[in-house]
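Notes to accompany the following structure.
Protein chains: 2
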Amino acid sequence: MLHINDNYLKLQASYLFADIAHRISVFQQKHPERELIRMGIGDVTNPLPQACITAFHKAVDEMGAAATFRGYGPEQGYEFLRQAIAEHDFQSRGADIDAGEIFISDGAKCDTGNIQELFAQGARIAVPDPVYPVYVDTNVMAGRTGVWAQGRYQGLIYLDCTAANGYVPELPAEKADLIYLCFPNNPTGATVSREQLGLWVDYAHKHQALILFDAAYEAFIRDERLPHTIYEIPGAREVAIEFRSFSKSAGFTGTRCAYTVVPRDCRAWDAAGREQSLHGLWNRRHSTKFNGVSYPVQRAAEAVYSREGQAQCRALIDGYLENARLIGEALDELGYQHVGGSNSPYIWVACGRDSWEFFDLLLTHAGVVCTPGAGFGRCGEGYVRLSAFNSGENVQKAMERLAGAARMLKA
Amino acid sequence: MLHINDNYLKLQASYLFADIAHRISVFQQKHPERELIRMGIGDVTNPLPQACITAFHKAVDEMGAAATFRGYGPEQGYEFLRQAIAEHDFQSRGADIDAGEIFISDGAKCDTGNIQELFAQGARIAVPDPVYPVYVDTNVMAGRTGVWAQGRYQGLIYLDCTAANGYVPELPAEKADLIYLCFPNNPTGATVSREQLGLWVDYAHKHQALILFDAAYEAFIRDERLPHTIYEIPGAREVAIEFRSFSKSAGFTGTRCAYTVVPRDCRAWDAAGREQSLHGLWNRRHSTKFNGVSYPVQRAAEAVYSREGQAQCRALIDGYLENARLIGEALDELGYQHVGGSNSPYIWVACGRDSWEFFDLLLTHAGVVCTPGAGFGRCGEGYVRLSAFNSGENVQKAMERLAGAARMLKA
């Protein structure tokens with residue numbers, strides 16, 4: 001008799017964003033006349049930069065001619081893209097990362113979900129709370145947790161991110177082996193300083209642990225004092241894997257391209273206590289279970305690093321950051337406490353009541369969709385996430401509606 | 001201390017095709033003047049059909065304009081593509097599969113590699129020998145095997161495919177829970193009849209097992225008596241998952257699009273013995289660890305099902321099948337036993353000696369690259385795989401060289 005992986009049964013009923021989509025659909029069936037403004041899911045709204053479109057077309061043409069057609073590419077990605085990334089995203093910032101340490105993929109969601117396969121069943125996992133659900137769910141599926149009880153999975157080390165610590169978690173009292181960190185943070189929009197990140201790198205060295213650093217929102221950093229990559233921190237090459245994405249930096253959510261950095265110095269230990277190279281293991285996983293990213297998509301991503309591409313991406317993000325500023329201003333006027341939004345597309349709002357209740361009220365009275373903080377973890381209760389991914393016009397309208405519904409939203 | 005997944009250490013040193021690439025590179029460094037003809041790796045050589053190129057360009061344009069831009073799509077794939085597949089590949093053949101049972105992905109390699117995650121650690125795995133290495137390696141990584149000994153992993157049930165059984169395995173004496181089958185077969189090129197496949201479906205019902213049916217080479221079937229999908233067999237909906245790909249049917253190896261069919265009736269059991277829906281589990285995996293295929297790529301794949309697309313794909317495959325016929329003829333003349341090639345792009349040749357030795361001799365004396373059968377399993381020893389993916393001109397030239405080197409190749 002074929003048995004399933006019973007760990008799947010521990011998973012909570014549905015994925016957060018599917019839950020939200022369901023509530024929206026129920027609402028719209030009842031009120032087909034209401035026009036909603038979606039500030040919930042973190043999906044970009046502006047088209048791809050023109051430089052990417054031009055490169056994309058050119059590569060599609062290559063695929064249509066025998067002389068330039070490309071079949072299977074390297075699973076790890078084409079050298080032209082890996083090289084451009086190494087130079088622009090790392091070496092130019094003094095971070096010692098070379099092209100061979102970069103693995104191109106079709107999404108940071110996939111990579112942050114798949115990376116746990118490299119590690120032992122018994123690895124002790126630390127995750128921030130609130131947190132992007134994928135880190136937790138993929139470890140549940142792999143059997144590294146107990147059951148769900150009182151809003152948390154047993155066996156995980158939760159790192160509370162609260163107003164008290166500025167949404168940057170403190171080092172845990174327990175020994176963690178694998179630590180997920182995300183800065184600029186999804187969902188809180190918080191950022192981390194060099195000093196704070198340095199403490200985590202030291203911790204990982206001391207406890208022979210590894211940091212999984214999700215920097216998908218790096219492109220939104222404008223404060224010159226903040227690190228753009230964990231490899232700006234001395235000693236990080238041995239203890240950190242970094243995840244990046246073109247989804248938010250260049251509008252690739254529907255085009256699909258991302259990458260993961262696994263430095264050759266990155267290590268863990270086998271059961272016999274021998275040091276093993278994580279670069280080698282990830283390379284083996286990547287070439288056994290993945291077949292590379294679509295060639296035209298890789299050419300489109302390469303164009304992000306051209307002079308035009310850089311300017312166009314910068315303008316794209318400037319637009320979203322301006323939205324975030326407008327949202328912050330409107331919240332200030334209405335007296336809501338909030339963080340994020342200055343180096344991040346997300347604004348984390350203390351909504352003063354149950355977060356799903358606020359979600360429903362905001363939907364009903366303002367026709368605006370947010371993401372309830374509770375969906376990201378227990379510490380997210382009492383908060384909602386607003387996303388700046390929208391047109392300036394819609395953001396303006398949403399903030400007016402929010403002001404109009406202010407009385408109905410207060411607890 | 002962070003421990004690795006020690007199962008990775010059981011894997012044999014390198015992936016077969018990486019091994020071949022290495023030998024070629026060594027040879028070319030020694031003999032830079034020699035021009036090689038590659039009939040090893042199963043990679044297509046002809047450009048994408050024009051219908052796909054046109055649709056691809058149109059979708060790239062959509063991504064460049066605000067009004068038509070698309071962000072995140074459904075993780076399972078767009079309805080337009082799922083619907084086209086359900087109608088053309090299944091319903092038109094009387095196979096009862098609907099669009100909701102089709103999951104679009106970026107590769108059959110990924111899907112056949114990831115599917116095992118749904119099942120219990122203790123599932124008993126049956127794999128053909130010779131076999132596409134991904135089925136085995138991904139189960140090794142997941143810890144479902146013992147160590148490598150005498151050319152096989154302990155704990156797997158190997159299904160011998162030999163000249164004696166026409167390269168279609170017999171039902172195993174042991175009880176298997178999960179059975180990998182691939183027809184038209186990679187590497188042997190063998191096909192399976194409705195009756196033979198019916199035996200496996202019956203076996204799966206009887207033993208509460210599941211068939212993982214890899215039909216990546218379905219488009220090469222020309223014999224009207226052969227089934228194109230396992231769902232042509234009554235009772236298969238409960239006991240089979242099928243994998244398909246646009247890689248070989250439309251030249252998408254570098255463009256990346258595939259799909260997996262998980263019928264809603266497909267079942268397995270939890271530890272408590274309750275029946276569980278594999279459709280639900282795969283949907284959960286797909287939406288948690290994957291973010292959908294690039295939108296323009298899905299539009300290019302949809303064009304495969306247009307009238308022009310169908311004709312162009314047919315012509316593409318006719319060309320490769322003509323190559324296969326030429327290869328078969330040449331082998332006949334030289335007195336080599338072989339199978340495959342009439343409903344498959346692969347020809348499986350009894351080379352009459354150690355397969356890596358033949359590989360080296362063919363490279364040295366003919367400048368032709370094949371794939372050594374031993375790389376696919378113990379039963380592949382004494383065979384090599386030739387691939388018809390090449391220009392007609394190259395195939396002609398390769399066969400002339402083979403004839404010229406005939407004396408050197410004989411044992």
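Residue numbers (the UniProt record's numbering), protein chains in the order written: chain A, 1 to 411; chain B, 1 to 411. Where a beta carbon is used, it is the ideal one built from N, C-alpha and C, also for glycine.
If you follow the alpha helix (DSSP H) that A171(B) is in, where does it begin and where does it stop?
To locate residue 171(B), count along the second sequence from 1; it is residue 171. The sequence shown places Leu at residue 171(B), not Ala. No alpha helix (DSSP H) holds L171(B); DSSP gives it neither H nor E.
Between the alpha carbons of S193(B) and I233(B), how many angstroms are there, rounded?
As a first step, residue 193(B) is located in the second sequence; it is residue number 193 there, counting from the start. As a first step, residue 233(B) is located in the second sequence; it is residue number 233 there, counting from the start. Their backbone Cα atoms lie some 10 Å apart in a straight line.
F69(B): contacting residues in chain A (beta-carbon distance under 9 Å):
For this step, residue 69(B) is matched to residue 69 along the second sequence. Chain A residues near F69(B): V44, T45, N46, P47, L48, G251, G254.
Select from the stretch 352 to 370 of chain A all residues with a C-beta closer than 9 Å to any C-beta belonging to chain B, and list them in chain order.
none
Helix, strand or coil: which one does DSSP assign to Q150(A)?
One-based indexing of the first sequence puts residue 150(A) at position 150. Here Q150(A) sits in coil by DSSP.
Going residue by residue through the stretch 291 to 350 of chain B, where are the continuous beta strand (DSSP E) segments of at least 3 residues, counting only ones entirely within it?
338 to 340, 346 to 350
Name, going along the chain, the residues of the stretch 81 to 97 of chain A whose beta-carbon falls closer than 7 Å to a beta-carbon of chain B.
none
Is there a Cβ from chain A that is less than 8 Å from the Cβ of M39(B)?
For the purposes of this step, residue 39(B) is identified with residue 39 of the second sequence, where counting begins at 1. No, no contact with chain A.
Kindly give me the distance between the Cβ atoms of A403(B) and A330(B), rounded to whole angstroms, as I take these residues to be in contact under 8 Å.
Locating residue 403(B) in the second sequence gives position 403, where the first residue counts as 1. Locating residue 330(B) in the second sequence gives position 330, where the first residue counts as 1. About 7 Å separates the two Cβ atoms, so the contact holds.
Starting from S287(A) and walking both ways along the alpha helix (DSSP H), at which residues does that stretch end?
As a working note, residue 287(A) is residue 287 in the first sequence. From DSSP, the alpha helix (DSSP H) with S287(A) extends over 278 to 289.
Assuming V44(B) and K248(B) are in contact, meaning their beta carbons sit under 8 Å apart, how far apart are those beta carbons, in whole angstroms?
Residue 44(B) sits at position 44 when you count from the first residue of the second sequence. Residue 248(B) sits at position 248 when you count from the first residue of the second sequence. So it is a contact: roughly 6 Å between Cβ atoms.
Judging by CA-CA distance, which residue of G328(A), I327(A), A366(A), V297(A) is the nearest neighbour of G73(A)?
Sequence index remark: in the first sequence, residue 73(A) carries index 73 (1-based). That would be V297(A), whose Cα lies nearest to the Cα of G73(A).
For the alpha helix (DSSP H) containing R244(B), name the first residue and the last one.
For the purposes of this step, residue 244(B) is taken as the residue at position 244 of the second sequence. Here R244(B) belongs to no alpha helix (DSSP H); instead the beta strand (DSSP E) covers 240 to 245.
Output the boundary residues of the beta strand (DSSP E) element that contains V261(A).
The count along the first sequence starts at 1 and reaches residue 261(A) at position 261. V261(A) -> beta strand (DSSP E) spans 258 to 261.
Any beta carbon from chain B within less than 8 Å of N343(A)'s own beta carbon?
Numbered from 1 along the first sequence, position 343 holds the residue referred to as residue 343(A). Not closer than 8 Å to any Cβ of chain B, the Cβ of N343(A) fails to qualify, so no.
Whole-angstrom distance between Q83(B) and W348(A), CA atom to CA atom
Position 348 of the first sequence holds residue 348(A). Position 83 of the second sequence holds residue 83(B). Distance between the alpha carbons of W348(A) and Q83(B): 40 Å.
With the cut-off set at 8 Å, would you say G40(A) and V369(A) are in Cβ contact?
Residue mapping note: residue 40(A) aligns to position 40 of the first sequence, counting from 1. Residue mapping note: residue 369(A) aligns to position 369 of the first sequence, counting from 1. Yes. Within cutoff.
Counting C-beta neighbours from all protein chains within 10 Å, is the total for H207(B) 16 or more, i.e. buried, or is it exposed?
Locating residue 207(B) in the second sequence gives position 207, counting from the first residue. So H207(B) counts as buried.
Would you please verify whether the beta carbon of S287(A) is less than 8 Å from any beta carbon of chain B?
Locating residue 287(A) in the first sequence gives position 287, counting from the first residue. Cβ-Cβ to chain B under 8 Å: yes for S287(A).
Spatial distance of F17(A) from R38(A) (CA atoms):
Counted from its first residue, the first sequence places residue 17(A) at position 17. Counted from its first residue, the first sequence places residue 38(A) at position 38. Taking the straight line from one Cα to the other gives about 12 Å.
Relative to the C-alpha of V134(A), which candidate in G113(A), A108(A), M141(A) has its C-alpha closest?
Along the first sequence, read from residue 1 onward, the residue named residue 134(A) stands at position 134. Nearest C-alpha to V134(A): G113(A).
Contact criterion: CB-CB distance below 8 Å. Does S294(A) meet it with respect to chain B?
Position 294 of the first sequence, counting from 1, holds the residue named residue 294(A). Taking 8 Å as the threshold, the shortest C-beta distance from S294(A) to chain B falls below it.
Using a 10 Å radius around the Cβ and a threshold of 16 neighbouring Cβ atoms, would you call E170(B) buried or exposed?
For the purposes of this step, residue 170(B) is taken as residue 170 along the second sequence, with counting starting at 1. With fewer than 16 Cβ atoms within 10 Å of its Cβ, E170(B) is classed as exposed.
How about the stretch 20 to 40 of chain B and the stretch 285 to 299 of chain A: do they share at least three Cβ pairs that are nearer than 8 Å?
With the cut-off at 8 Å, the stretch 20 to 40 of chain B and the stretch 285 to 299 of chain A do not touch.
I want to verify the contact list: residues of chain A whose CB lies under 8 Å from the CB of A315(B), in sequence order.
By one-based count along the second sequence, residue 315(B) stands at place 315. Chain A residues near A315(B): none, gap ~14 Å exceeds 8 Å.
Alpha-carbon to alpha-carbon, E195(A) and R225(A)
Here residue 225(A) refers to the residue found at position 225 of the first sequence. Here residue 195(A) refers to the residue found at position 195 of the first sequence. Between R225(A) and E195(A), the C-alpha separation is close to 11 Å.
Cβ pair A272(A), F119(A) closer than 8 Å:
Position 272 of the first sequence, counted from the start, is the residue given in the question as residue 272(A). Position 119 of the first sequence, counted from the start, is the residue given in the question as residue 119(A). Taking 8 Å as the Cβ cut-off, A272(A) and F119(A) do not qualify as a contacting pair.
Please name the residue, chosen from A164(A), R124(A), N283(A), A406(A), that lies closest to C351(A) on a Cα-to-Cα basis.
To locate residue 351(A), count along the first sequence from 1; it is residue 351. When only C-alpha atoms are compared, the closest one is A406(A).
Among T253(A), A216(A), D6(A), D177(A), nearest to L210(A) - alpha-carbon criterion
As a working mapping, residue 210(A) is identified with position 210 in the first sequence. Nearest neighbour of L210(A) by Cα position, chosen from T253(A), A216(A), D6(A), D177(A), turns out to be D177(A).
Could you pull the DSSP bridge partners for D265(A) from this structure?
Numbered from its first residue, the first sequence carries residue 265(A) at position 265. None, per the DSSP bridge assignment.
Taking all protein chains shown into account, do 16 or more other C-beta atoms lie within 10 angstroms of the C-beta of N139(A), making it buried, or fewer, making it exposed?
Within the first sequence, residue 139(A) is the residue found at index 139, counting from 1. When all chains shown are included, N139(A) counts as buried.
CB contact below 8 Å: W200(A) versus chain B:
One-based indexing of the first sequence puts residue 200(A) at position 200. Not an interface residue.
Identify whether D214(B) lies in helix, strand or coil by the three-state DSSP scheme.
Taking the second sequence and counting its residues from 1, one reaches residue 214(B) at position 214. D214(B): strand per DSSP, three-state reduction.
If you follow the beta strand (DSSP E) that V134(B) is in, where does it begin and where does it stop?
Here residue 134(B) is taken as the residue at index 134 of the second sequence, counted from 1. Element bounds for V134(B): not the beta strand (DSSP E) but the alpha helix (DSSP H), 133 to 141.
To which residues of the same chain is A398(A) closer than 7 Å at the C-beta, ignoring the five residues directly before and after it?
On the first sequence, position 398 is the one that residue 398(A) refers to. Within the same chain, A398(A) has close Cβ partners I37, M39, V368.
Could you spell out the range, first to last residue, of the beta strand (DSSP E) harbouring S387(B)?
Reading the second sequence from its first residue, position 387 is the one you call residue 387(B). Taken as a continuous stretch (DSSP letters only), the beta strand (DSSP E) holding S387(B) covers 383 to 387.
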